[in-house]
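Written out below as structure tokens is the structure these notes cover.
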Amino acid sequence: MNFPKANSFPQSTMRERSMGPNPLKLCEELLAYGAIPAGSAVLDLGSGAGLTSSLLAREYGFTVYAADLWSDPSDNMRFFETIGLTNRDIMPIKADATALPFATEFFDAVVSVDSYNYFGRDSEYLGTHLLSLVKHGGELLFAIPGMVRDCHDDLPACLLESWTREQLSYMHDVDWWHANIEQTDGVDILGMCEMACTREAWTDWITCDNEYARGDRAAVEAGALDYLNTIAVRLRRR
Ligand SMILES: C[S@@+](CC[C@H](N)C(=O)[O-])C[C@H]1O[C@@H](n2cnc3c(N)ncnc32)[C@H](O)[C@@H]1O
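Oh and the sequence shown: position 42 is 45 in our numbering, straight run, nothing missing.
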């Protein structure tokens with residue numbers, strides 16, 4: 004695939020700040036599935052070290068709220084400044100996805116890359132904690148690490164090379180996510196599909212020089228990507 008926006012970031016930046024499969028490429032492909040209007044206020048939920056947030060602000064011109072639980076908002080702000088973004092473009096916030104400190108109907112859209120499976124597996128999450136923060140008609144776009152087909156009862160050995168059963172329990176297939184989300188009132192599922200860039204995004208990730216990427220290499224090299232995918236979810240608040 005062609006990723007002009009993702010590839011506008013230096014490889015060194017992607018490698019230093021990624022926390023999983025290349026989030027810049029996942030985010031660019033995800034945005035192509037949706038229709039977030041120019042000038043939107045966008046919540047980047049589970050924004051990690053800020054790569055996707057900076058892509059959304061710098062390359063799409065959105066006003067971005069980068070909300071994340073584990074990362075340091077000050078570290079993220081210093082990174083945003085190094086690439087020319089200011090506090091008018093992007094706001095890093097330390098926040099738990101289950102207690103987001105925003106007004107109802109504040110956001111025009113939500114984007115979440117490689118994070119929704121941490122908190123969204125609870126089928127009540129979307130309706131209880133997130134949907135009300137989005138304007139009616141606003142889109143929610145998620146790129147969720149998933150499985151081609153749920154296989155938790157008979158996990159392939161290659162997956163267990165790098166991950167525990169507990170870690171793998173965060174991954175599910177399209178049908179599982181559809182059944183999870185369709186329980187929420189007030190939202191239309193506009194689409195769910197496997198993303199095309201999964202292998203490329205994983206290849207970028209496992210060549211990163213950090214302990215997590217090194218840890219994931221064994222499974223990928225043993226064939227894990229025959230069983231794993233990334234699921235794009237496009238929702239609209241009614
Ligand atoms: C695999 S990282 C992905 C980060 C980033 N989106 C990226 O692709 O580089 C998962 C992120 O989910 C965030 N996360 C997990 N549970 C969360 C929660 N309850 N509330 C907010 N963020 C959460 C973590 O802080 C972490 O940064």
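Every residue, glycine too, gets a C-beta built ideally from N, C-alpha and C. Keep in mind the model is a prediction, meaning the values are calculated, not measured.
- Just curious, the beta strand (DSSP E) that Gly2 is in, first and last residue? Residue 2 cannot be examined here, being either before or after the span of the chain that is shown, 4 to 241.
- Item | alpha helix (DSSP H) segment containing Ile184, residue limits | Residues Val177 to Ile184.
- Going by other Cβ atoms of all chains shown within 10 Å of its Cβ, with 16 needed for buried, is Trp166 buried or exposed? buried
- Query: Quick check: the segment 79 to 99 against the segment 22 to 33, are there 3 or more CB pairs under 8 Å?
  - Reply: no
- Is the beta carbon of Ala100 less than 8 Å from the beta carbon of Phe122? yes
- Message: Measuring straight from C-alpha to C-alpha, what distance separates Gly189 and Gln14?
- Response: 40 Å
- Measure the C-alpha to C-alpha separation of Val113 and Leu143 and round it to an integer number of angstroms. 5 Å
- For Asn120, which of helix, strand or coil comes out of DSSP? Helix, per DSSP.
- Is there at least one non-hydrogen atom of ligand 1 closer than 7 Å to the beta-carbon of Trp73? yes
- Item | Which listed residue (Met4, Gly130, Leu231 and Ser77) has its alpha carbon closest to that of Glu31 | Met4
- Message: Assuming contact is defined by CB atoms lying nearer than 8 Å, are Ala235 and Met198 in contact in what I supplied?
- Response: yes
- Message: Looking only at its chain, what residues have a beta carbon closer than 6 Å to the beta carbon of Leu33, apart from the 5 residues adjacent to it on each side?
- Response: Excluding positions up to five away in sequence, the list reads Leu144, Ala146 and Ala235.
- Message: In the DSSP output, which residue or residues are listed as bridge partners for Val223?
- Response: In the DSSP output, where bridge partners are listed per residue, Val223 has none listed.
- Message: Could you tell me the alpha carbon to alpha carbon distance between Thr66 and Gly53, rounded to whole angstroms?
- Response: 14 Å
- Item | Minimum C-alpha distance to Ser115 - residue among Ser56, Arg81 and Thr206 | Ser56
- Message: Measuring only from the beta carbon, is Tyr68 closer than 7 Å to any heavy atom that is part of ligand 1?
- Response: no
- Message: ligand 1 and Ser57: does the residue's C-beta get closer than 7 Å to at least one heavy atom of that ligand?
- Response: no
- Could you tell me if Arg152 is buried or exposed, where buried requires 16 or more neighbouring beta carbons within 10 angstroms of its beta carbon? exposed
- Task: Note down, one range per segment and in chain order, each beta strand (DSSP E) of at least 3 residues found wholly within the segment 26 to 55.
- Result: 44 to 48
- Message: Classify Ala227: buried if its beta carbon has 16 or more other beta carbons within 10 angstroms, exposed otherwise.
- Response: buried
- Message: Output needed for Gly64: all residues of its chain with C-beta closer than 8 Å, excluding positions within five of it in sequence on either side, in chain order.
- Response: Ala41 and Gly42
- What's the C-alpha gap between Gln170 and Leu231? 13 Å
- Message: When you measure from the CB of Gly3 to every non-hydrogen atom of ligand 1, does any distance come out below 7 Å?
- Response: Residue 3 lies beyond the stretch modelled for the chain, which goes from 4 to 241, so this question has no answer here.
- Item | Beta-carbon spacing of Ala35, Ser50 below 8 Å | no
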